[in-house]
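Protein chains: 4
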Amino acid sequence: MMGITERKSREKENRIKQIRDSAATLFYKKGYAATTIGDIAALAEISNATIYLYFKSKDDLYYSLVEPSLDRLSKRLIAIANTKELDPESRIRNVISATYDFYEGDPDAYHLVSRYEASGFSKVLSKDKLHQLKELMSSNINQLEIVIADGIALGRFCESNPKLTAIIIWNTFMGVIQFQENRLAEGSSDYRRSTIDGAVEIILQGIRKG
Amino acid sequence: MMGITERKSREKENRIKQIRDSAATLFYKKGYAATTIGDIAALAEISNATIYLYFKSKDDLYYSLVEPSLDRLSKRLIAIANTKELDPESRIRNVISATYDFYEGDPDAYHLVSRYEASGFSKVLSKDKLHQLKELMSSNINQLEIVIADGIALGRFCESNPKLTAIIIWNTFMGVIQFQENRLAEGSSDYRRSTIDGAVEIILQGIRKG
Amino acid sequence: MMGITERKSREKENRIKQIRDSAATLFYKKGYAATTIGDIAALAEISNATIYLYFKSKDDLYYSLVEPSLDRLSKRLIAIANTKELDPESRIRNVISATYDFYEGDPDAYHLVSRYEASGFSKVLSKDKLHQLKELMSSNINQLEIVIADGIALGRFCESNPKLTAIIIWNTFMGVIQFQENRLAEGSSDYRRSTIDGAVEIILQGIRKG
Amino acid sequence: MMGITERKSREKENRIKQIRDSAATLFYKKGYAATTIGDIAALAEISNATIYLYFKSKDDLYYSLVEPSLDRLSKRLIAIANTKELDPESRIRNVISATYDFYEGDPDAYHLVSRYEASGFSKVLSKDKLHQLKELMSSNINQLEIVIADGIALGRFCESNPKLTAIIIWNTFMGVIQFQENRLAEGSSDYRRSTIDGAVEIILQGIRKG
DNA sequence: CATGAATGAGTCTTCATTCAT
DNA sequence: TATGAATGAAGACTCATTCAT
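Protein chains in written order, with numbering that gives the first Met the number 0: chain X, 0 to 209; chain S, 0 to 209; chain L, 0 to 209; chain F, 0 to 209.
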């Protein structure tokens, strides 16, 4: 009895996922403006109109992709930052690991997120949505900052501006991914994980006390 | 007497500069696809058609902005990297200084350049132009790499992958700028230069030997 | 029940026909370059964009008009030319009759076809399409040539270059139509068919043996 | 003293001729709509604006080409038609010869003229100019008609509609030129003159009495 | 629920024409 | 006289979005 409603519901979920996956792939590959609703519909193997059954607009679809991805990552990082029982260096490595896992598990989502600030779509989203995204985005860096501040308080890291160090680490991560992806695309082996790890060690070395 | 030709020529230069400035501003603020020729013309206070007097296409205009800026920066960095008589740390600081000067002197150009890898405009430029841009872009990181390798060879820096360190520094620069610009936009004081310097010191600390 | 799909299909066919008819009329009246997509859309009472639902480009629309018309006429003429059991004079008259019927049944298509060589649209169509059209076009004259050659072989027509005679007949046809249409437009009676017939008789007289 | 004015005047004439020649070439090769003022200016090696010193508009330039060419040909044909002392067949051959000479001497002018009716530029010229052109155009056929009527009156040609016969001859001429030009363009030898002559003979044979 | 079809509002680009020099 | 520069108006084509079925 309930089965039909259930199945319908499941199918609906699938349909939505299908759209989002296609959209994420394309937004990442071609950018917001260069991706058309038609492209997304084609990739999802549905009609243009169907997208509008589930999303109010192209805008809305975009936001619906970035927001939960960013949210998911944020929650993970918050959890890690709060494992106060671990030593700060390990927690930093864990933050990086989690971010890398997030990236590996859903590269499109990662790119959407990582790129968000860089893309000029502040013109494209409503003030509200934009603000919300900025909050989430900065939360990630904040978690790093918390761990570093802890490290300084514990005397493990040199005195320094923890926010600055957080920014350095965060941007290094994004930069390395970008760079190594480029090389990967040009046929090189996959050094993404190992380079990330190396970079973190250099920075830890730079802030470690003694 | 010769004045007329001269003035004409100067006016033409001005007109071109006017267009390029408007274009740079808008491409930076809204991205390539979201910027229309009409927007640019309006900002430059000329007609759409006039743009086509000086640039073959929107594409061409875009490229004409990115390429020489990047070229200029590249040349500066190459010069700095080759002042072998200076100690490596100073040379790294000089590279950063030069990049910062470039940024400060022409923020639009900088953003166009810095964003190049992040933007999806591999779909937008011809293979040729794209390749050329990639070359120039990677040259900048290469200069840093050279200095770092020198430092390692001289025993000043720890053994490490110089390319990796270069990437870290480069991305840190871009990240810090981005971050501090956001804060600036939200009303904070201007900590751009000082944060950059702080970040460089952390990294130098991280790679310095002994 | 099945009716819906059927009706939809019919409506779609109609829409396409609507567009083609409007296009044919305008291309004939004003020529390719002077006819705008907007003109066609207006005449068909649809939006510009709708045309692009059914045709890839203005080019494509033009070609889609000329090609099948020419093809249709070609096939008819080939059939007539091959009724070897008929005497050559009758076959020539039949070719002319068929061409006239074609003209009468779809004057726009005829004009598109007849004008093809004269119009400068070799600059407008792709090499491929242009070649195909030239083939079809020359096929028509070839059919006449075949019949004339038969007539010469059978001793009914004077020795002469059959291709030349074919050209004479073909161009006479087109010229007479053009001329009589002009007069018609100026209010004269309709002498198209009768003049055509008269002209053919003169030419037959000119090539007939004995 | 007068020399300067004279030279100026001569230069002006040259300039105008230069423009007209370029225009004629291009209008013929690419058609009215597809030929731009810029094309013409480039070929004439002057600036766009200069054209407007001598011609009110593109339209005007076009007309200024067609009209005098057609006029020139008309006058010649009128003269020939009135050499009543010659026998009709010779006069017909002379008309054809004169038309061929005209064609050979200035192919661009010929094409402009021959194509006039076929081109869709009734939409492009003013009623007045259009009417004038039509008059001139039909005058040419009228001259042929006069000769043919003379031939019939003299008992040399069969009873028939002289206008019809004139049309046949006229269109045959244009058709043969077109056809042989196509072949020429494809690398064949030049059979233009000989084919014309052959065609005329066939037609004369068709209308000759006895 | 799903979609084929339609379109209004743009986008880039071209061109005939004008005008200050 | 000649022209370099500028532009309004238009043209082909695209796309997010709606709606009847």
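Glycine included, every Cβ here is placed at the ideal spot set by N, Cα and C.
Integer Cβ distance of residue i from residue j, believed to fall under 8 Å
i        : j        : result
X:Gly30  : S:Ala32  : 7 Å
L:Pro87  : L:Arg155 : 5 Å
F:Asn139 : F:Leu76  : 5 Å
S:Leu64  : S:Arg19  : 6 Å
L:Glu66  : L:Gln131 : 7 Å
X:Tyr53  : X:Lys128 : X:Tyr53 to X:Lys128, Cβ: 17 Å. No contact.
Residue environment, residue i, which counts as buried when at least 16 other CB atoms sit within 10 Å
i        : result
X:Gly37  : exposed
X:Ala48  : exposed
F:Ala40  : buried
L:Asp189 : exposed
F:Ala152 : exposed
X:Lys57  : buried
L:Thr34  : buried
X:Ala184 : exposed
F:Ala78  : exposed
X:Ser8   : exposed
F:Gly186 : exposed
S:Gly209 : exposed
S:Gly205 : buried
S:Ser118 : Note that S:Ser118 has pLDDT 47, beneath the 50 cutoff, so the model's placement of it is unreliable and no number is given.
Spatial neighbours of residue i in its chain, beta-carbon cut-off 7 Å, leaving aside the 5 residues before and after
i        : result
L:Ile195 : Ile95, Tyr99, Phe172 and Val175
L:Tyr27  : Asp107, His110 and Leu111
F:Lys11  : none
F:Thr82  : Arg90
F:Ala23  : Leu64, Asp107, Ala108 and Leu111
X:Ala148 : Pro161
F:Ala97  : Arg75, Leu76 and Ile79
L:Asn93  : Ile79
S:Gln179 : Tyr190, Arg191 and Thr194
X:Ser137 : none
Own chain residues within Cβ distance below 8 Å of residue i, not counting five before or after
i        : result
F:Arg207 : Glu88, Arg155, Phe156 and Cys157
L:Ile50  : Ile18, Ile36, Ile39, Ala40, Ala43 and Leu60
X:Leu135 : Glu66, Leu69, Asp70 and Ser73
X:Leu85  : Asn93
S:Ile45  : Arg14, Gln17 and Ile18
S:Leu25  : Thr34, Asp38, Ile39 and Leu42
6 Å Cβ shell around residue i - same chain, five flanking residues per side excluded
i        : result
L:Glu144 : Pro161, Lys162 and Ala165
S:Ser21  : Ile39, Leu42 and Ala43
F:Val146 : Ala80, Pro87, Arg90 and Ile91
L:Ser113 : Met173
X:Asn141 : none
Decide if the segment 97–107 of chain X is in contact with the segment 69–85 of chain X; the criterion is three or more beta carbon pairs, one per stretch, under 8 Å apart.
yes
Stretch-stretch touch, CB-based, cutoff 8 Å, three pairs: the segment 167–174 of chain F with the segment 196–204 of chain F
yes
Whole alpha helix (DSSP H) runs in the segment 31–81 of chain F with 4 or more residues, listed along the chain?
Taking 4 residues as the minimum length, the alpha helix (DSSP H) runs contained wholly in the segment 31–81 of chain F are 36–43, 47–53 and 57–80, in order along the chain.
Residue ranges of each alpha helix (DSSP H) run of no fewer than 4 residues wholly in the segment 141–199 of chain L, ordered along the chain?
Entirely contained in the segment 141–199 of chain L, the alpha helix (DSSP H) runs reaching 4 residues are, in chain order, 161–184.
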